[in-house]
Amino acid sequence: MKNLLRFFLFIIAVLIVSFSDINAQRERNPVLEFATGTWCQWCPCGHTIIHDFILRNNPNTIVIAYHGPSNSSDPFRIFAGNTIISKLGFSAYPTGIVDRLSAPLSRDVWAARVSARAQVPPQIDIMGDIGYDESENKIYVNLVIKAMAEIAQQPMLQFVLTEDGLKYSQTGNGSCAGSANYIHDHVARALFNSDIGQAIGKPGWSAGDSVVIDTSFAMPANVMKNTNTKFIAFVYAQKSPLNTSEILQGREWKVTDFPMGAYENGYSAQPTDWFLGQNFPNPFNPETRISFSVPKSGYVSLKVYDLLGKEVATLVDGEIAAGNHYRNFNAEALPSGVYVCRLEAEGVSLSRKMSLLK
């Protein structure tokens, strides 16, 4: 009876987390794109506004720093898709655009624009995750883009990679302090799918329309440290000029927080704790991979349940050696919906929710 009660409490907790995630996706993640340069004496003041005001007050803001111009001495000016700087109309440094709703703006209005934009519900839901395969140095992307409202224009999807923690000299002045060992964050390293992204579906989406994106990208050679990279996806409604093409929603992942591939490529590091990874891809149809870590050999149970508590699959039920493992889960015979993967061993209970989308 106690075990049954524990299980139903577990299912209730999962439902609460599920609804929390739904609400989280209803929160807009404003996108600030700005032009900067290591040669620019006023740019450190723009960086300060971002770090001390914008990200402090709206921490879910997605920031992309385009270093330029192309004929400058800035070492970060060279990246795939750097023609985005001219296409967005950047000519003065530092200037920025919030959610592509205006021409480039001076730094003193960025924070107010971001705060105002954060109050506007997103018109797009970006579901799913990425996975980073260290052995291939590759980012795998599996997303579902869903309209939350009518979109009259052509939706465009943009993928961007940024890098933090890059040390290089920065020109400054008495008001905006530079440094010989300045740390540059949010540096654009690649616009993976061209400078303007890619069209998804056709113009004229209705609420509920969706597309599935399944693709991958090699980590660019210009990246200094993979652990400092972030993968960004945002959807905008295409207009002319480009800086009036409203960004409908964005999402950001720290790349190395979503490892994959280690398990099938003989990763030998000995885990020190129990771990149940998020399945990948997620959402999935019909197959997905579930990774887990076992710090010591012993009995392990890895099962999948529906939200009514009914067991629908047993992936592991027996002795497992210490180490990192994975199991594939095929849901071809199951209906679309949210399922729960549960790992149990020696009093440890870990769970992840998974979305099957057919």
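For what it's worth, the numbering used here labels the leading residue of the sequence shown as 126, then goes sequentially.
Just so you know, even glycine gets a beta-carbon here, dropped at the ideal spot from N, CA and C.
Predicted, not measured: the structure shown is a model, and the values here were computed from it.
Can you give the Cα-Cα distance for residue i and residue j, rounded to whole angstroms?
| i | j | result |
| --- | --- | --- |
| residue 304 | residue 450 | 46 Å |
| residue 318 | residue 236 | 29 Å |
| residue 279 | residue 422 | 54 Å |
| residue 162 | residue 291 | 13 Å |
| residue 295 | residue 233 | 20 Å |
| residue 452 | residue 306 | 46 Å |
| residue 391 | residue 433 | Summary for residue 391: the model assigns pLDDT 38, below 50, so the residue's position carries little reliability, and this model does not support an answer. |
| residue 393 | residue 448 | For residue 393, the pLDDT reaches just 42, beneath the cut-off of 50, and the residue's location in the model is therefore unreliable, although a value from the coordinates is still provided. Answer to the nearest angstrom: the Cα atoms are 7 Å apart. |
| residue 349 | residue 431 | 43 Å |
| residue 330 | residue 249 | 10 Å |
| residue 465 | residue 251 | 21 Å |
| residue 477 | residue 309 | 35 Å |
| residue 401 | residue 300 | 49 Å |
| residue 376 | residue 359 | 6 Å |
| residue 221 | residue 260 | 37 Å |
| residue 485 | residue 332 | Because residue 485 is not part of the residues shown, which for the chain are 126 to 483, the question remains open. |
| residue 241 | residue 459 | 43 Å |
| residue 166 | residue 181 | 24 Å |
| residue 480 | residue 328 | 27 Å |
| residue 463 | residue 190 | 37 Å |
Less than 7 Å between C-beta atoms, sequence neighbours within five positions excluded: which residues of the same chain meet that for residue i?
| i | result |
| --- | --- |
| residue 469 | 426 |
| residue 243 | 153, 155 and 183 |
| residue 121 | Nothing can be reported for residue 121: it is not among the residues displayed for the chain, which extend from 126 to 483. |
| residue 352 | 381 |
| residue 265 | 255, 256, 258, 341 and 385 |
| residue 228 | 214 and 368 |
| residue 239 | 155, 157, 179, 183, 186 and 223 |
| residue 164 | 197, 198, 199 and 296 |
| residue 245 | 153 |
| residue 428 | 436, 438, 439, 440 and 467 |
| residue 383 | 254, 255, 256 and 257 |
| residue 204 | 313, 314, 315 and 347 |
| residue 219 | 159, 160, 161, 165, 167, 168, 171 and 232 |
Within the same chain, show all residues whose beta-carbon is closer than 6 Å to that of residue i, passing over the 5 residues directly before and after it, in chain order.
| i | result |
| --- | --- |
| residue 457 | 411 |
| residue 387 | Any reading at residue 387 must be qualified, since the residue scores a pLDDT of 43, below 50, and its modelled position is unreliable; the value itself is stated next. Hits under 6 Å: none found. |
| residue 334 | 272 |
| residue 414 | 405, 451 and 453 |
| residue 262 | 344 |
| residue 483 | 410 and 461 |
| residue 289 | 310 and 353 |
In chain order, what residues of the same chain lie with their CB nearer than 8 Å to the CB of residue i, ignoring the 5 residues before and after it?
| i | result |
| --- | --- |
| residue 322 | 281, 282, 283, 284, 316 and 361 |
| residue 147 | With a pLDDT of 43 at residue 147, under the threshold of 50, the modelled position of this residue cannot be trusted, and the question is left open. |
| residue 336 | 269, 270, 325 and 326 |
| residue 118 | No answer is possible for residue 118: the residues shown for the chain start at 126 and end at 483. |
| residue 473 | 399 |
| residue 397 | 420 |
| residue 247 | 150, 151, 152, 153, 154, 273, 373 and 374 |
If distances are taken between C-alpha atoms only, which option among the options comes closest to residue i?
| i | options | result |
| --- | --- | --- |
| residue 344 | 257, 312, 358 and 326 | 257 |
| residue 378 | 399, 261, 396 and 355 | 355 |
| residue 159 | 307, 216, 442 and 263 | 216 |
| residue 404 | 376, 455 and 328 | 455 |
| residue 297 | 172, 274, 442 and 330 | 172 |
| residue 444 | 466, 463, 225 and 419 | 419 |
| residue 201 | 441, 293 and 397 | 293 |
| residue 417 | 375, 151, 475 and 462 | 475 |
| residue 188 | 428, 430, 306 and 175 | 175 |
| residue 471 | 170, 277, 442 and 383 | 442 |
| residue 302 | 203, 245, 170 and 414 | 170 |
| residue 313 | 252, 329, 347 and 480 | 347 |
| residue 231 | 287, 331 and 168 | 168 |
| residue 267 | 460, 409 and 328 | 409 |
| residue 363 | 479, 276 and 241 | 276 |
| residue 357 | 286, 402, 480 and 204 | 286 |
| residue 339 | 480, 407 and 221 | 407 |
| residue 446 | 289, 328 and 424 | 424 |
Confirm the yes/no value for this check: CB of residue i, any heavy atom of the ligand NAD, distance under 6 Å.
| i | result |
| --- | --- |
| residue 351 | Among the ligands in the structure shown, none appear at all, so the ligand NAD cannot be discussed. |
message: Going residue by residue through the region 390 to 463, where are the continuous alpha helix (DSSP H) segments of at least 4 residues, counting only ones entirely within it?
response: none
- prompt: Counting Cβ pairs closer than 8 Å, one from the region 431 to 441 and one from the region 363 to 370, do we hit at least three?
  reply: no
- prompt: Does the pairing of the region 208 to 215 with the region 186 to 197 give three or more beta-carbon distances under 8 Å?
  reply: yes
- prompt: Hey, which unbroken runs of the beta strand (DSSP E) at 3 residues or more fall wholly within the region 221 to 266?
  reply: 249 to 258
- request: Write down every uninterrupted run of the beta strand (DSSP E) in the region 287 to 350 whose length is 3 residues or greater and which is fully enclosed by it, in chain order.
  value: 312 to 316 and 335 to 343
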